[in-house]
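For reference, the structure discussed in these notes is given below.
Residue numbers (the working numbering): -13 to 560.
Have a look at this one:
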């Protein structure tokens, strides 16, 4: 059903749940948006539906590329693709201005409206008018002051130019204040429905509150559990091995009796909703964190993803602390271990409600953690096993499936395109090095994480091991590996990876959304990308010489100009 806001047709075309829309509610106290941000699409001559379709086709894009908005408006209609009471990723999280002005990140407190613009000035003006009408309606409905609570994207993020692109396409300049004037024009005539504040009458049914379980364990149980985690390999989400966040998520999940499952990277942990009485404390030079608190580092070397740990001992006062952590040095193959830390990079502490800073933690005794009884047919490949010329085990992939990795240097494993579904068998296992099982053959460079493999047969010393079958499997796997190599085909999107080549691989043209040229920074394995001011519309011709993680090197084999592969369609292969 189509609604009309200030005469503009409005309809819903919601994105499926994924990375662009994860269904997370706004972090404001009342769950309502506290300010608004006006954007333009940055893609000239695309409609609201074009942009929504692109989001729907890439609804689960990798987190490194994710961006989204609540609403798109063009010269004909308005489309809502994410409810304005949910989070969307429309402003960079670490930009400081939105926090300085409004006390929160825009992604967690504001809705974003994206306006389309066109080569045709008349269409751009109509799109501007429609966007202003939509903003007037929404700001009035949510009681947002359009004069000082409706910044442009360019006002709160230094590297952005919107809604300046829209305004310039209309021949009006680039200042957001021009858009404010258009909104003011429609505020007087805007009629937004009011939400009733009346309470239910006497006839309303009384609902009994369910008996809730305690949300937080006591201090002693929490510290006992923290002690039990030392030396354990904690992989709470069973993804990417033993990350620092796995340890904190497991700890919080236990001490809240399974009511809080933290989300996000370590730097996002302070944005989670915790039980009543928990505190987020900013780290200062005079603060001594209590034992059992959770430290969060978000600056310096931790700026991109953050780091998180548990406070084990605070006897070092304001000089040092002993912490329990995983993956401090980037090595996700190691268990939770202790380290003396000097607070570098730590910005916050998450302090549970049970923490009593006067409590004598020396009274707390370590406990023996009870091990779960293994169920039938779930015995995993061990963490270490010496090399053998013939296979020791036959195994199958567990419920999470298995991804083949290659050892590229000193035990650093890199994923391949070989992925097997749950239950795939057989895997012949010849060796296990610190959790990585060598499969296929005694000399192959194909490895699977041991927890992904369930043993189905163990070869005893007296048995003749089935080397012939294992060799046959190796040949079959090589065929599969060759088939899984990225293929080039006309009219298709380029693959996510192609090694560097002096001569061009193929020619491609930009799709309907156009492209923005980016530049690459950093060294191998630690690249970052920054936008340039170079943009192209639909149909621009490019030659591609290399693809790294989806980024295509264009123009020449030595240029530092890159285009996202999903924006290109192959037209000719050389």
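Glycine included, each C-beta is placed from N, C-alpha and C at the ideal position. Quick caveat, the model's predicted, so the values are computed rather than measured.
Reduced DSSP category for residue 215 - H, G, I as helix; E, B as strand; rest coil: Three-state DSSP puts residue 215 in a helix.
Nearest-angstrom beta carbon gap, residue 237 and residue 257 [assumed within contact, 8 Å]: That belief does not hold up - the Cβ atoms of residue 257 and residue 237 are roughly 18 Å apart, past 8 Å.
Ends of the beta strand (DSSP E) at residue 266? Boundaries of the beta strand (DSSP E) harbouring residue 266: 265 to 268, taken from the DSSP string.
Helix, strand or coil for residue 110, going by three-state DSSP, please let me know. Reduced to three states, the DSSP call for residue 110 is helix.
Can you tell me whether residue 233 is buried or exposed, with buried defined as 16 or more other CB within 10 angstroms of its CB? When all chains shown are included, residue 233 counts as buried.
With H, G and I counted as helix, E and B as strand and the rest as coil, what does DSSP make of residue 235? Under the three-state reduction of DSSP output, residue 235 falls in the helix class.
Have a look at residue 266 and residue 282 and give me their C-alpha separation to the nearest angstrom. Each residue's alpha carbon lies about 10 Å from the other.
Whose CA, out of 24, 126, 26 and 533, lies closest to the CA of residue -9? Checked all of 24, 126, 26 and 533; the closest Cα to residue -9 is 126.
Mind checking residue 223: buried by the 16 CB within 10 Å criterion, or exposed? Exposed, since its Cβ has fewer than 16 Cβ neighbours within 10 Å.
Length at least 4, wholly inside the segment -1 to 48: the alpha helix (DSSP H) runs in chain order: Counting only runs that start and end inside the segment -1 to 48, the alpha helix (DSSP H) elements of at least 4 residues fall at 34 to 43.
Residue 188 classed as buried or exposed, judged by whether at least 16 other C-beta atoms fall within 10 angstroms: Low per-residue confidence applies at residue 188: pLDDT is 41, beneath 50, and the placement is therefore not dependable, though the value from the model is reported in the following sentence. Looking at its Cβ environment, which holds fewer than 16 other Cβ atoms inside 10 Å, residue 188 is exposed.
Report the rounded CA-to-CA distance for residue 298 versus residue 335, giving the unit in angstroms. If you take the alpha carbons of residue 298 and residue 335, they lie about 13 Å apart.
Residue 481 and residue 554 closer than 8 Å at C-beta: Judged by their CB atoms, residue 481 and residue 554 are not nearer to each other than the 8 Å cut-off.
Using the C-alpha atoms, what's the distance from residue 530 back to residue 492? In a straight line, the C-alpha of residue 492 is about 6 Å away from that of residue 530.
C-alpha distance - residue 542 paired with residue 505, whole-angstrom precision: Their backbone Cα atoms lie some 14 Å apart in a straight line.
Spell out the partners DSSP gives residue 173 in its beta bridges. DSSP, once it has assigned bridges, lists no residue as partnering residue 173.
Quick test of the definition: if touching needs 3 or more C-beta pairs under 8 Å, does the segment 378 to 390 touch the segment 410 to 428? Segments in contact, yes.
For the structure I just gave you, are there three or more beta carbon pairs, one from the segment 82 to 101 and one from the segment 40 to 48, closer than 8 Å? Output reads no: the segment 40 to 48 does not touch the segment 82 to 101.
Grab me the residues of residue 173's own chain with a C-beta within less than 6 Å of its C-beta, minus the 5 sequence neighbours each way, in chain order. Here residue 173 has 122 as same chain residues with Cβ atoms under 6 Å from its own Cβ, once five neighbours each way along the sequence are excluded.
Residue of 0, 79 and 90 minimising C-alpha distance to residue 15: Here the closest residue by C-alpha is 90.
Quick check on residue 93: does DSSP put it in helix, strand or coil? Correct three-state label for residue 93: helix.
Should residue -3 be labelled buried (16 or more other beta-carbon atoms within 10 Å of its own) or exposed? Residue -3 comes out exposed.
Rounded to whole angstroms, what is the Cα-Cα separation between residue 362 and residue 440? With a pLDDT of 47 at residue 362, under the threshold of 50, the modelled position of that residue is not reliable, and the figure given next carries that caveat. One C-alpha to the other measures close to 11 Å.
Using the beta-carbon count (16 or more within 10 Å), is residue 535 buried or exposed? Under this definition residue 535 is an exposed residue.
Range of the contiguous beta strand (DSSP E) that encloses residue 334: Note, residue 334: beta strand (DSSP E), 332 to 337.
Spatial distance of residue 134 from residue 147 (CA atoms): Each residue's Cα considered, the two are about 19 Å apart.
Limits of the unbroken alpha helix (DSSP H) element including residue 150: Unbroken alpha helix (DSSP H) run through residue 150: 150 to 155.
Okay, do the segment 104 to 120 and the segment 67 to 85 touch, 3+ Cβ pairs below 8 Å being the bar? With the rule of 3 Cβ pairs closer than 8 Å, the segment 104 to 120 does not count as touching the segment 67 to 85.
Look at the alpha carbon of residue 284 and the alpha carbon of residue 8, and state the distance between them as a whole number of angstroms. Here the alpha carbons of residue 8 and residue 284 stand approximately 23 Å from one another.
Could you pull out every residue in the same chain whose Cβ sits closer than 8 Å to the Cβ of residue 130, ignoring the five residues on either side in sequence? The answer, listed in chain order, is 19, 20, 21, 22, 124 and 136.
What three-state label does DSSP hand residue 369 in the structure shown? For residue 369, the secondary structure class from DSSP, reduced to helix, strand or coil, is coil.
Here's the rule: buried if 16 or more other CB atoms are within 10 angstroms of the residue's CB, otherwise exposed. What is residue 29? When all chains shown are included, residue 29 counts as buried.
Close-in-space but distant-in-sequence residues of the same chain around residue 494 (CB under 7 Å, 5 per side omitted): Once the five neighbours on either side are set aside, the close Cβ partners of residue 494 are 480, 528, 530, 554, 555, 556 and 557.
Quick check on this structure: which residue in 151, 164 and 548 has the alpha carbon closest to the alpha carbon of residue 110? Nearest C-alpha to residue 110 among 151, 164 and 548: 151.
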